[in-house]
Amino acid sequence: MSTPEVLPAHAGPPPSASPATAAAPRDGAVRRFLGSTGFQGSITFVAFLIVFAVYVIWLGDTFASTDARFLDIHQNAPVLILGLAVMGTLIAGQFDLSVGGMATLTTFLAIGLKINEDWPFALVLAVCLGIGVLGGLVNGLLVMRLKVNTFIATLGTGGLFGGFASVYGKGTQLSPTDDSAPLPGWFTGPDSIGAFGHKFPAAILWAGVAGVALAGFLALRRRRPADRSPRTWDAICALVTLLVLGLAVGVLGVDGWIETTSWTIGILLVVGLLVWVLFTRTTYGRYLHATGSNPEAARLAGVNPEKETIRAFVLGGLLAALAGVILAANQGSASPDAGVGFLLPAFAAAFLSTVVLSTGRFTVWGALIGGTFLVWVSQGLIVGGLAFTYTDVVNGVVLVLAVALSTTLGRRALR
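Counting in this note's numbering, the sequence shown runs from 1053 upward without gaps.
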């Protein structure tokens, strides 16, 4: 039988963990949280929300008006589509500076081919989008086949597209007159897709909300802990999904957002969804990201980087042409400088996507959210009394900050 060990009389109680030792796990947890992609990807998003909270306190309902903020999105839908237009080439590691010129050209063609030539409007739309595809193909061939520097090639073609628009419009604004053929009522006018007062079908938007909720439920369902039964975890996921939906409707007022969504905004959301599917759920999207990440490794894996990059330019031209058509619908006319000021905010939206709910990767929803937030920041300053001429200053500052932060996060992700 063993006897218990007797400690010497001078021995005190066992030593306890030192404060530094006890704090070490906590410090490690804090560092892991601060270094997590979730935290870093939400910094910019939260910063924007703080700015908007300050605006609401400062400007009250003048800024917090749902109608006013959705009107901002409606008016800037062409810019946001251009943000998606430049994103494909950015993912591939190239730049497309021609999108503003292409949007200007198709704005003129969408108006002029109808009021001057009286073409069937379906043919007008087909020509506009076809020219966008052709222009993107020219850019892609110049850059990838003739090896012209992407900045020089697309800057030159952008000038050509804008020049063609000025020639076609004879250097002046182009709009319907009493002697010209009328534009279709569904395209421009009080009950058209270009009118803010003409709302997108609410049933389609609610179906979209239901689809997002279902996607969230399925994503959460796949994260079932090992100690939870499938039935219990499904119930928890369903409860969380319903809770989030309730908060979205009861607190954020999503039902009011749906009632305020115009046809232009609805088209923007549909385009965003299609581009998101293309970039994230198709073989082309995977090949495009592989091309941008490492062209040589992609080539060794069987990907043709030149082909995928040319496709990115073609997609950019198509989206730029669509942006011009939407601009024509919103304005009901075309002016020589229609898309001149769109290039900077388009690139700002694209680069903001790398830091809004992301850590260095271009994302479709990040571009749409970031571009919208950028518009609201500028509008808040204008409502507060700042001259509208400072808009480009705000866009430039945000673009520089977004690029700098994206570069920093991208380097950290590679460590």
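Note that CB positions come from ideal geometry on N, CA and C, so glycine has one too.
Whole angstroms is fine: what's the gap from residue i's alpha carbon to residue j's?
i, j, result
"residue 1096", "residue 1144", "24 Å"
"residue 1053", "residue 1285", "In this prediction, residue 1053 has a pLDDT of 49, which is less than 50 and means its spatial position is unreliable; what the coordinates show is noted afterwards. The alpha-carbon atoms of residue 1053 and residue 1285 are separated by roughly 52 Å."
"residue 1167", "residue 1387", "15 Å"
"residue 1440", "residue 1455", "24 Å"
"residue 1222", "residue 1352", "51 Å"
"residue 1241", "residue 1219", "26 Å"
"residue 1268", "residue 1402", "25 Å"
"residue 1423", "residue 1380", "20 Å"
"residue 1187", "residue 1259", "36 Å"
"residue 1301", "residue 1307", "6 Å"
"residue 1399", "residue 1133", "11 Å"
"residue 1192", "residue 1142", "13 Å"
"residue 1279", "residue 1264", "27 Å"
"residue 1107", "residue 1113", "10 Å"
"residue 1341", "residue 1110", "42 Å"
"residue 1334", "residue 1343", "14 Å"
"residue 1178", "residue 1292", "45 Å"
"residue 1103", "residue 1328", "28 Å"
"residue 1433", "residue 1452", "19 Å"
"residue 1272", "residue 1198", "48 Å"
"residue 1417", "residue 1437", "30 Å"
"residue 1232", "residue 1169", "9 Å"
"residue 1390", "residue 1294", "44 Å"
"residue 1247", "residue 1375", "15 Å"
"residue 1261", "residue 1252", "14 Å"
"residue 1208", "residue 1182", "20 Å"
Taking its Cβ as the centre, do 16 or more other Cβ atoms sit within 10 Å of residue i, making it buried, or is it exposed?
i, result
"residue 1442", "exposed"
"residue 1201", "exposed"
"residue 1346", "exposed"
"residue 1203", "exposed"
"residue 1149", "buried"
"residue 1427", "buried"
"residue 1368", "buried"
"residue 1277", "exposed"
"residue 1415", "buried"
"residue 1312", "buried"
"residue 1445", "exposed"
"residue 1098", "exposed"
"residue 1266", "exposed"
Are residue i and residue j close, meaning C-beta to C-beta below 8 Å?
i, j, result
"residue 1317", "residue 1147", "no"
"residue 1245", "residue 1315", "yes"
"residue 1094", "residue 1409", "yes"
"residue 1137", "residue 1371", "yes"
"residue 1160", "residue 1226", "yes"
"residue 1447", "residue 1127", "no"
"residue 1419", "residue 1430", "no"
"residue 1153", "residue 1237", "no"
"residue 1358", "residue 1196", "yes"
"residue 1394", "residue 1130", "yes"
"residue 1350", "residue 1184", "no"
"residue 1471", "residue 1254", "Past the boundaries of the shown model lies residue 1471; the chain is included only from 1053 to 1467, so the question cannot be answered."
"residue 1092", "residue 1459", "no"
"residue 1407", "residue 1457", "yes"
"residue 1366", "residue 1189", "yes"
"residue 1140", "residue 1235", "no"
Among the residues of its own chain, which have a CB less than 8 Å from the CB of residue i, if the five just before and after it don't count?
i, result
"residue 1336", "1330, 1360, 1363"
"residue 1213", "1150, 1153, 1154, 1156, 1157, 1187"
"residue 1176", "1161, 1162, 1165, 1166"
The alpha helix (DSSP H) spanning residue i covers which residue range?
i, result
"residue 1130", "1129 to 1143"
"residue 1172", "Note, residue 1172: premise wrong, no alpha helix (DSSP H); not H, not E."
"residue 1363", "1357 to 1383"
"residue 1147", "Run containing residue 1147: none; DSSP gives neither H nor E here."
"residue 1286", "1282 to 1302"
"residue 1431", "1416 to 1435"
"residue 1334", "It is not in any alpha helix (DSSP H) - residue 1334 carries neither H nor E in the DSSP assignment."
"residue 1259", "1254 to 1273"
"residue 1220", "1202 to 1220"
"residue 1309", "1306 to 1312"
"residue 1277", "Taken as a continuous stretch (DSSP letters only), residue 1277 belongs to no alpha helix (DSSP H), as it is neither H nor E."
"residue 1116", "1113 to 1116"
"residue 1347", "1347 to 1352"
What residues in its chain sit with their C-beta under 6 Å from that of residue i, if we drop five residues either side in the sequence?
i, result
"residue 1304", "none"
"residue 1377", "1158, 1162, 1180"
"residue 1194", "1200, 1205"
"residue 1450", "1400, 1426"
Mind checking whether the beta-carbon of residue i lies closer than 7 Å to any heavy atom of the ligand FMN?
i, result
"residue 1110", "As presented, the structure is devoid of all ligands, the ligand FMN included, so that no description of it is given."
Can you list, in chain order, the residues of its chain whose CB lies under 7 Å from that of residue i, leaving out five sequence neighbours each side?
i, result
"residue 1171", "1165"
"residue 1015", "Past the boundaries of the shown model lies residue 1015; the chain is included only from 1053 to 1467, so the question cannot be answered."
"residue 1289", "1269, 1272, 1273"
"residue 1250", "1243, 1244, 1314, 1315"
"residue 1435", "1111, 1114, 1115"
For chain C, is any of its Cβ atoms less than 8 Å away from the one on residue i?
i, result
"residue 1102", "You won't find chain C in this structure, because it holds only one protein chain."
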